[in-house]
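2 protein chains.
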Amino acid sequence: MDMNERKLKILEAIIRDYIETGDPVGSRTISKKYDLGVSSATIRNEMSDLEELGLIVQPHTSAGRIPSDKGYRMYVDGMMKRCHITPEVEEVITNLIKEKINRVDTLVEETAKLVAMLTNCATIAMTPPISQVRIKHIQLVPVDDYSVACVVVTDTNSVKNYVIPTPKAIDFNMCMALTNILNESIKGSTLSQISLNQLKYSIEEKMKEYGDIAGSVLQAIDNTLKQEDSPEIYIRGANNILDFNGMDDKDKTRTLLKLFEEKPYLSKILDQSKPNTVTIRIGEENVLTPMKDYSVVSTSYRIGEHAIGNIGIIGPTRMDYDQVVSVLEYVSYHITNMLKELGH
Amino acid sequence: MDMNERKLKILEAIIRDYIETGDPVGSRTISKKYDLGVSSATIRNEMSDLEELGLIVQPHTSAGRIPSDKGYRMYVDGMMKRCHITPEVEEVITNLIKEKINRVDTLVEETAKLVAMLTNCATIAMTPPISQVRIKHIQLVPVDDYSVACVVVTDTNSVKNYVIPTPKAIDFNMCMALTNILNESIKGSTLSQISLNQLKYSIEEKMKEYGDIAGSVLQAIDNTLKQEDSPEIYIRGANNILDFNGMDDKDKTRTLLKLFEEKPYLSKILDQSKPNTVTIRIGEENVLTPMKDYSVVSTSYRIGEHAIGNIGIIGPTRMDYDQVVSVLEYVSYHITNMLKELGH
DNA sequence: GTTAGCACTCACTAAACCCGAGTGCTAACT
DNA sequence: AGTTAGCACTCGGGTTTAGTGAGTGCTAAC
């Protein structure tokens, strides 16, 4: 048995209707609401085939059909339509980006909020990890005898700081000296391009008067930056998960809420997305077990050439894929665009 | 009609039992489980009085009684007992504090997590606002022509940065010059003690060669610091709110979840707490409307003399007040203690 | 003032029941 | 061969009914 034009149409009708209403959809509904020119009996036969193909399932005998993960997959691969972004939304987005353009962190945070509002899904957004963005300025500031703050200004105009324990006492003058040398060496590059360790010898050379301290401080900085290369992660619209499960399932809701407090896990969820496209993982397609009950749709935006941030949503497998994908595409496209100049 | 010894005992029994079981408690239960030496009929009469006094209520005829807000109030005011912190918990707390002592931010975050775990309530914790902590070092770093980053190292060894738009172009040398002067003036003080505006004239004097730029930059810094004087706020154990309402009430749960994404609101919740004590607001006692369905228990910890951070929990009015108060007291006492040296 | 006894209330549960949406199958029709 | 009408059957969900038991309030006796 094979797919044919009519089967596809019926599948699409089932999915559209189910996404809209949330009720299992029966043959009669389709023959009435969607104009296929055949009777419900014929549709019934086709539906029986679709079920055999694993594209739809029956929650129980004598109920209508609902799409399976595989059915949704076929839908998003072939039948999904981009949907229209209303002018009002468009305006909100552009304003948002314009206003916040100087603060990438808050821009991303606000974007997450917006996407959550538009999609009714829990939205995760993260800034690029520090190692991927170009560094405009780096500054060491003494904190106490055995620690310095390393302040990094990126070309996205966000400022990060790291408190770094140093192996040896370090004073203000030395901070300044090291700051100067560091800036000369790495200004305009990303940390993933330049390994601080490579600089070690040349810097020890230049800072002879401080002995081997400079080198070991550098080492400490390198370690900390590598360890704490974690981006900012925002989650917004968490309340939407209350509608995902048939409310019976408090345990699943709880599990999600707990995960939302684990930043490393959130970044794992978004890691799945590939650059320049919207990635959709439906139900069982998800690698991470707790996500197997949901769909994850994610994409990325770029800042300049290298820096890549992610944004994505978690929602029920029964979600309005058309809309979600449209929103994400639109948002990521615009963030990337508006930030283009910053990263050249 | 008046309270007497026996009525108090009965009230206490009702509250203890209800907190433990969650079921409305009847006269028979009390006469069996708690040894008051009188029959259920007598207790019944007393309960009728207690109800008249507004201390307990009946969810419906022919159900047992449950405490009212007023009843809980009488309980926490007079009958609550500190409860024992188990040695294991004690160890966890001390280890936590020892490990994280250098990073006040993460210390507070981890503490919130711990408290959430121990109390099964949603826990909010916040660091002191920057204006309250002593400043160890302040550093201006150029970001682009029209903005500088102001990096503030506090005597709690946490580092904050603020990106500040400047009215006029500002270069590296000027940053350094201003940095030096600022440090001389405000090192060791808190921003609430010293108004940057006071410094304006003396600084313009010292930096004559830059014209009035220094003054206006200072102004900009002052503005930003005042505006963004917001502390870090952490919320942990949000999932616990799923157990607060009788699951029927999805709306209330949703409202809470939404609020948890509004940092200013969270800080408002904790603002209610008075220094050096554990503050308890039961149900209707809360000023903030959405909190009127819950109890908020909060306290503060100190860093040095001035800096005050808050930590508190939101839970159902039916919560184990004994335990919650004990945990909060213990935790705040220990944070304050361990951080004492830092803030002298 | 305390207690035993008793009638009454009412939420909650389970069982019985009905309804309707939906299916699958068969037989007839094109 | 594909399509359709007709029909028996299934089963989830809602409604009704009855029963149960925890708990109260009142009264009368101790």
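Read top to bottom, the protein sequences are chains S and R. As numbered in this note's numbering, the first sequence has no gaps in its residue numbers, which increase by one up to the final residue, 344. As numbered in this note's numbering, the second sequence has no gaps in its residue numbers, which increase by one up to the final residue, 1344. Glycine included, each C-beta is placed from N, C-alpha and C at the ideal position.
Under 8 Å, Cβ to Cβ, is there at least one residue of chain S near residue i?
| i | result |
| --- | --- |
| Lys1250(R) | yes |
| Met1338(R) | no |
| Val1133(R) | no |
| Thr1253(R) | yes |
| Ile1014(R) | no |
| Asp1144(R) | yes |
| Asn1120(R) | no |
| Leu1328(R) | no |
| Ala1169(R) | no |
| Val1163(R) | yes |
| Asn1157(R) | yes |
With a Cβ-Cβ cutoff of 8 Å, do residue i and residue j count as a contact?
| i | j | result |
| --- | --- | --- |
| Thr166(S) | Ala220(S) | yes |
| Thr154(S) | Lys136(S) | yes |
| Tyr1018(R) | Arg1318(R) | yes |
| Leu1225(R) | Ile1203(R) | no |
| Ala13(S) | Tyr34(S) | yes |
| Asp1322(R) | Cys1083(R) | yes |
| Ile314(S) | Asp69(S) | no |
| Val141(S) | Val148(S) | yes |
Across which residues does DSSP place residue i in a beta bridge pair?
| i | result |
| --- | --- |
| Pro1165(R) | Ser1147(R) |
| Met126(S) | Ile233(S) and Asn310(S) |
| Pro264(S) | DSSP lists no partner for Pro264(S). |
| Leu140(S) | Cys150(S) |
| Lys1187(R) | Answer by DSSP bridge pairing: none, since Lys1187(R) is not bridged. |
| Lys160(S) | Val152(S) |
| Val296(S) | Arg281(S) and Ile314(S) |
| Pro1067(R) | Ile1056(R) |
| Arg302(S) | Ile308(S) |
| Ile135(S) | Thr154(S) |
| Val25(S) | Arg65(S) |
Closer than 8 Å, CB to CB, is residue i near chain R or not?
| i | result |
| --- | --- |
| Asn180(S) | no |
| His137(S) | yes |
| Asp229(S) | no |
| Arg82(S) | no |
| Ala220(S) | no |
| Arg65(S) | no |
| Leu257(S) | yes |
| Leu36(S) | no |
| Asn245(S) | no |
| Asn223(S) | no |
| Glu20(S) | no |
| Leu376(S) | Outside the displayed span of chain S (1 to 344) sits residue 376(S), for which this structure offers no information. |
| Glu261(S) | yes |
Express the C-alpha separation of residue j and residue i in angstroms, rounding to a whole number.
| i | j | result |
| --- | --- | --- |
| Met174(S) | Ile164(S) | 15 Å |
| Tyr201(S) | Thr179(S) | 16 Å |
| Val325(S) | Val1115(R) | 39 Å |
| Leu1096(R) | Leu1328(R) | 15 Å |
| Ser273(S) | Glu51(S) | 30 Å |
| Thr1094(R) | Glu1109(R) | 15 Å |
| Met1338(R) | Asn1240(R) | 29 Å |
| Glu1046(R) | Gly1078(R) | 19 Å |
| Arg236(S) | Lys113(S) | 5 Å |
| Thr1156(R) | Asn310(S) | 33 Å |
| Tyr1210(R) | Ser1216(R) | 11 Å |
| Asp2(S) | Leu53(S) | 9 Å |
| Val330(S) | Asn1223(R) | First, the residue type needs correcting, since residue 330(S) is Tyr and not Val in the sequence shown. Taking the straight line from one Cα to the other gives about 35 Å. |
Can you check which of these residues, the options, is closest to residue i by C-alpha distance?
| i | options | result |
| --- | --- | --- |
| Thr190(S) | Val133(S), Gly237(S), Ile30(S) and Arg302(S) | Val133(S) |
| Lys206(S) | Gln193(S), Leu225(S) and Glu184(S) | Glu184(S) |
| Ile130(S) | Phe244(S), Ile313(S) and Ser230(S) | Ser230(S) |
| Ile1170(R) | Thr1279(R), Thr1123(R) and Asp1145(R) | Asp1145(R) |
| Glu1285(R) | Asn1276(R), Val1297(R), Pro1275(R) and Asp1249(R) | Val1297(R) |
| Lys1292(R) | Pro1264(R), Thr1255(R) and Ser1195(R) | Thr1255(R) |
| Thr55(S) | Leu36(S), Ser31(S) and Ile15(S) | Correcting the residue identity first, residue 55(S) is Leu in this sequence and not Thr. Nearest of Leu36(S), Ser31(S) and Ile15(S) to Leu55(S), Cα basis: Ile15(S). |
| Leu1257(R) | Ser1267(R), Leu1011(R), Leu1242(R) and Asp1271(R) | Leu1242(R) |
| Leu118(S) | Glu20(S), Val143(S), Glu88(S) and Thr127(S) | Glu88(S) |
| Thr395(S) | Ser48(S), Gly315(S), Ile303(S) and His334(S) | The first residue shown for chain S is 1 and the last is 344, placing residue 395(S) beyond what the model contains. |
| Gln1266(R) | Lys1098(R), Glu1005(R) and Ile1124(R) | Per the sequence shown, residue 1266(R) should be read as Leu rather than Gln. When only C-alpha atoms are compared, the closest one is Ile1124(R). |
| Val1287(R) | Asp1271(R), Thr1299(R) and Val1148(R) | Asp1271(R) |
| Val1092(R) | Leu1107(R), Met1080(R) and Val1038(R) | Leu1107(R) |
Regarding residue i and the ligand PLP, is the C-beta to nearest heavy atom distance less than 7 Å?
| i | result |
| --- | --- |
| Arg236(S) | For the structure depicted, the ligand PLP is absent and the ligand set is empty, with no information on it obtainable. |
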